[in-house]
Amino acid sequence: MRMVLAWVTGMGAAFLLAPAVYANGWNMPVGVTEISQDIYSLHMAIFWICVVIGVVVFAVMFYSLFRYRRSQGAKADNFHENTTVEVLWTTIPLLILVGMALPATATLQKMYDPSGADLDVMVTGQQWRWHYEYLDEDISFTSSMSTPGTQIRGEEERADEYLLDVDNPLVLPVDQKVRFLLTSDDVIHSWWVPDLAVKQDAIPGFVNENWVRIEEPGIYRGQCTELCGKDHAFMPVVVHAMEQDDYEEWLADRKEEAEAEANSVDREWEMDELMERGEQVYGSVCATCHQDDGSGSGEFPALAGNEEMLDDVDWHIDAVVNGVSGTPMAAFGGNLNAVELASVITYERNAWDNDTGDVVQPSEIQELLE
Amino acid sequence: MWNVIKSVLAAFFGVQKERRRQEDFTHGEPIKFIVVGILLAIVLVVVIAMIALTVAG
Amino acid sequence: MAPKLPPQHTLEQSSATTTAGQAQEHDHHHGGPTGIKRWLLTTNHKEIGTLYLLFSLSMFFIGGIFALVVRAELFQPGLQLVEPEFFNQMTTMHGLIMVFGAVMPAFVGLANWMIPLQVGAPDMALPRLNNFSFWLLPVAFGLLLSTLFMPGGAPNFGWTFYAPLSTDYGPPSTTFFIFSLHIAGISSILGAINIIATILNMRAPGMRMMDMPLFVWTWLITAFLLIAVMPVLAGVITMMLMDINFGTSFFDAGGGGDPVLFQHLFWFFGHPEVYIMILPAFGIVSAIVPAFARKPLFGYASMVYATASIAILSFLVWVHHMFVVGLPLAAELFFMYTTMLIAVPTGVKVFNWVTTLFRGSITFETPMLFALAFIVMFTIGGFSGLMLAIVPADFQYHDTYFVVAHFHYVLVPGAVFAIIAGAYYWLPKWTGHYPDERLGRWHFWLSVIGVNLTFFPMHFSGLAGMPRRIPDYALQFADFNMVSSIGGFIFGVSQLLFIAVLIKCVRGGEKAPAKAWDGAEDLEWTVPSPAPLHTFETPPDLTSQAPQRH
Ligand SMILES: [Cu+2]
Ligand SMILES: [Cu+2]
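Residue numbers (full-length UniProt numbering), protein chains in the order written: chain D, 1 to 370; chain Y, 1 to 57; chain E, 1 to 550.
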């Protein structure tokens, strides 16, 4: 009997504590969009409905367990049917659920209306990073996790944004309707930012649609939520929401950079420049598979001291630009520009004691791409 | 027939009287219940689908 | 909850068991196979039931060890013990082993033991098929476990094995995984056929369908579900096999295939599978609660009807696992409505059990404790299920630890507790001894504490934004994960007590009479404890008494 009492107290405490705990930031975030706030309200409504039903049911249950103990001389009744009661306790939950279905339907209708977007962003999942393309602006870049391996392995203290920081966040203006078009180059990923209440699968061969209108400037963090292989835990999403002016400034800077890079394709690049740029590209795109030191791991081949690759520049270029079909090695010709490709290939041919001295010029790659 | 339909509807709702159950199991043929069950499930699907399609516009 | 048998009947039964005793001796005199061969070749439903249960128990521990590897890695942020590749293999194997190797075979084992006893049949309808169904399992799971030692490692794409991660991007062992799942599937289908044949054809004269105990009813319906959906699973893994080895592109977008088709097929199997794992649990709890409340089950008729309709409706809700896949609005609405609808009759069954307790005469032996814990915690899992049905909210919950919390609440303190409750309840019948009550209580309380410590915090880590299936996580999830890991180890280790209880109970203990629990009413309690190898060789005749429920 004491046990039953302990149980009652325990469960009671859990139920009373649960909502209290909820209030302390362990709950779903309210978020910074109208939709996220709607969803939060739906979530809390259904939560409290469950709490109330739970309290009633468990109260009756524990009262019965306590009151009708055989050890206290309880004699069993024999009733076993009461259709009225059964109909009643089926109908009431049914009505409650209809009551829940109405606002849920309304919210869903809102979510499914991407019309009138001010800005379109194509989001492409790739093992294991995100690629963003501003469709009307001719800007695109890759966004990969910037948390260093030393923190993951505990050799360095972990930063506050451990695993949730990227090299290039997605920058968006506030108070604008931004439409996302999501797809994937390899396996299924899922793009999620809790504060924006956007979670949408990125599926190879499909283009999914979603949208957001952010109400407050800020940095919002999320993660890939569909198992996508080894580094599924390491492909965060970071959205930097800015006021319109700041956004436009950022956009202008980005465009200038892109233009400068495009113009630089034709000029002769120095080895040092290529190596510097190459290291950056390698770290952000290639290192998840081939490792920072080019040593590879498992099915991902080592690039340091890779004879086949070092002996034949054209083969190397082909592998990177066109990928190796039937393997996780993607065709980067579609994702990286000529400068990035040339520099990463040059980097791979000269880093980690590879020291071939080969320089691959962006202009060569540009020709290939055309 | 009406009794069979009533029983199947009761099953969908999840509540049935003991007396009715006794009747179902003494008189009814199981095949009737299965056929009616599947037909009513189809009706249910159509009804909910109509609602969903109307709401979705 | 079965026919109340008048005393004359019990007398008649005991004479039948005397013959049974002789028959058993008869067997032995003529030197039936002994030693290992006896177990390899047995066609006896009790021995096969025991084999199933022991197999399931060992899988439960193997799958549990995988879970503990996962929990150990997640004890702290950072990568400490295992690499992400291996971590993914552990989550995958844990899920596959627990679903297909532990929970399903445990229910089949209980069915083997108890259904013939509960319907008054001498054995299963197809004894040799029964033997074959069982022996397929060690083959299937031996093969599956062997993939851990293959180059490239074991399957690492989650127990839901979504394409193209499992096809174009899967490890070489995927083909073995497919083969082993095929074998396990055949075993399930054959087992289901056998159960249906037994229930429909072998009931004692005079036992009508309407007199069957609820465990028999729920299993009958489960068996039909199995036959309906296991072929779908077989189809989808065969399509994978073709994609991997024979150049088709069912699920490969590059070849014109459709990765979403995979998910539709998988969940068309997967959702009924959820009911396959919970309906027999309902049956067990519906036997135990009335027995220890000494009062008939409230709303037996409703239970039977609702179970039958759940079977049909369970084919109409699969898309609730796919709300963020990007389906049209009408589809999302349709499946939100159906999911809410099916939740009602399922959830309302809890009210029936609670009302059964009301004005009963209740005692708290170990089986009852586990059954009561089932009711409470299954309900909690049901609540989070209801929350998940609200599509807009599901956009936030989906693929986070909130979902992990949800399905572990319905599967661990749900299905697994029901299996354990059933074991404690029927152990006196199996061994002739009562399980040790003191150890049982320890087992119970440690399990309850462990389970809740493990899975309750997962609701919070999920809501706070932690995705599932990650080997490393952001710092704000650290506290929840530490608690979950501690709870996981408490739960895991306390299952060793279960082994202790089992061994002790087989070896000896308080002798149990034929009717081991004074409130238990079904036919199995009319045969001696331990149940002799052969029972009901002369079927009990229930016709003359025209048994009436209640
Ligand atoms: Cu991903
Ligand atoms: Cu489901």
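Built from N, CA and C at the ideal position, the CB exists for glycine as well.
Please read these numbers as outputs of a predicted model, since none were measured by experiment.
For the putative contact between E:F417 and E:F370, defined by C-beta atoms under 8 Å, what is the C-beta separation to the nearest angstrom? 5 Å
Which partner residues does E:P467 have in the DSSP bridge list? In the DSSP output, where bridge partners are listed per residue, E:P467 has E:T400.
Determine the burial state of E:K429: buried for a count of at least 16 other Cβ atoms within 10 Å of its Cβ, exposed for fewer. buried
Taking only beta-carbon positions, decide if Y:I31 is within less than 9 Å of chain E. Residue-level contact check: Y:I31 does not touch chain E, since none of the beta carbons of chain E fall below 9 Å from its beta carbon.
Closer than 7 Å, Cβ to Cβ, to anything on chain Y: give me those residues from the segment 85-102 of chain D, in chain order. E86, V87, T90
According to DSSP, D:D201 sits in a beta bridge with which residue or residues? D:S190
Is E:A2 close to chain Y? Criterion is C-beta to C-beta, closer than 9 Å. Confidence in E:A2 is poor, its pLDDT being 42 and thus under 50, which makes the residue's placement unreliable; the coordinate value appears in the next sentence. E:A2 does not count as touching chain Y.
Residue-chain proximity (D:E81, chain Y), Cβ-Cβ < 9 Å: yes
For E:Q80, which of helix, strand or coil comes out of DSSP? coil
In this structure, how does DSSP classify D:E216 when only helix, strand and coil are distinguished? In the structure shown, D:E216 adopts coil according to DSSP, grouped into three states.
With ligand 2 as the reference, list in chain order each residue whose Cβ lies under 7 Å from any of its heavy atoms. E:W267, E:G270, E:H271, E:V274, E:V317, E:W318, E:H320, E:H321
Members of the segment 102-120 of chain D near chain Y, C-beta cut-off 7 Å: T105
Backbone CA spacing between E:P540 and E:P205 [nearest angstrom]: Approximately 7 Å, taken between the alpha carbons.
Answer with yes or no whether the minimum CB distance from Y:I51 to chain E is below 9 Å. yes
Separation of E:I193 from E:E12, as counted between CA atoms: Caution is warranted here: a pLDDT of 39 is assigned to E:E12, below 50, making its placement in the model unreliable, and no coordinate value can be reported.
Assigned exposure category for D:W192 - 16 Cβ within 10 Å defines buried: buried
Is it true that the CB of Y:V55 sits closer than 9 Å to the CB of D:T105? D:T105 places its beta carbon less than 9 Å from that of Y:V55.
E:F208 touches chain Y at which residues, Cβ-Cβ below 7 Å? Reading off the sequence, residue 208 of chain E comes out as Arg, not Phe. By Cβ distance, chain Y contributes F25.
Going by beta carbon distance, what residues of the same chain come within less than 7 Å of D:A20, once the five residues before and after it are set aside? Unreliable placement is indicated for D:A20, whose pLDDT of 49 sits below 50; the coordinate value is still reported in the next sentence. Around D:A20: no qualifying Cβ.
Near ligand 1: D:S190 beta-carbon under 8 Å from a heavy atom: yes
Taking only heavy atoms of ligand 1 into account, decide whether any of them is closer than 8 Å to the Cβ of D:G125. yes
Find out if the Cβ-Cβ distance for the pair D:D201, D:I188 is shorter than 9 Å. yes
Would a check of beta-carbon distances place E:Q118 closer than 9 Å to chain D? no
Report the neighbours of Y:K6 on chain D: residues whose CB is nearer than 8 Å to its CB, in chain order. What Y:K6 touches in chain D: nothing, since even the nearest Cβ is about 13 Å away.
Is the CB-CB distance between E:S286 and Y:G14 below 9 Å? no
Provide the residue(s) that pair with D:Y132 in DSSP beta bridges, ordered along the chain. D:V123, D:F141
E:L319 to D:R277 span [Cα, whole Å]: According to the sequence displayed, residue 319 of chain E carries Val and not Leu. Cα to Cα, the separation comes out at about 46 Å.
Quick one: measure Cβ to Cβ for D:I96 and E:A393, integer angstroms, because I've assumed they're closer than 8 Å. No, D:I96 and E:A393 are not in contact; Cβ-Cβ is about 15 Å, not under 8 Å.
For ligand 1, is there any heavy atom lying closer than 8 Å to the beta carbon of D:M235? yes
Excluding sequence positions up to five away, which residues of its chain have a Cβ less than 8 Å from the Cβ of D:V32? D195, L196, I214, E215, E216, G218, Y220, A241
Find the nearest neighbour of D:G326 within the set E:R128, E:F100, E:D243, judged by alpha-carbon distance. E:D243
Taking 9 Å as the CB-CB limit, is E:P272 close to chain Y? Residue-level contact check: E:P272 does not touch chain Y, since none of the beta carbons of chain Y fall below 9 Å from its beta carbon.
Using a Cβ-Cβ cutoff of less than 6 Å, which residues in the same chain neighbour E:T10 once the five nearest sequence positions on both sides are dropped? Caution applies to E:T10, whose pLDDT of 38 falls short of 50 and renders its modelled position unreliable; the value that the coordinates give is listed next. Cβ neighbours of E:T10 beyond the five flanking positions: T526.
List the residues of chain D whose Cβ lies closer than 8 Å to the Cβ of Y:V55, in chain order. T105, Q109
If you follow the beta strand (DSSP E) that D:V239 is part of, which residue opens it and which one closes it? 236-242
Which same chain residues end up closer than 6 Å to Y:S7 when comparing Cβ atoms and leaving out the 5 residues on each side of it in sequence? D24
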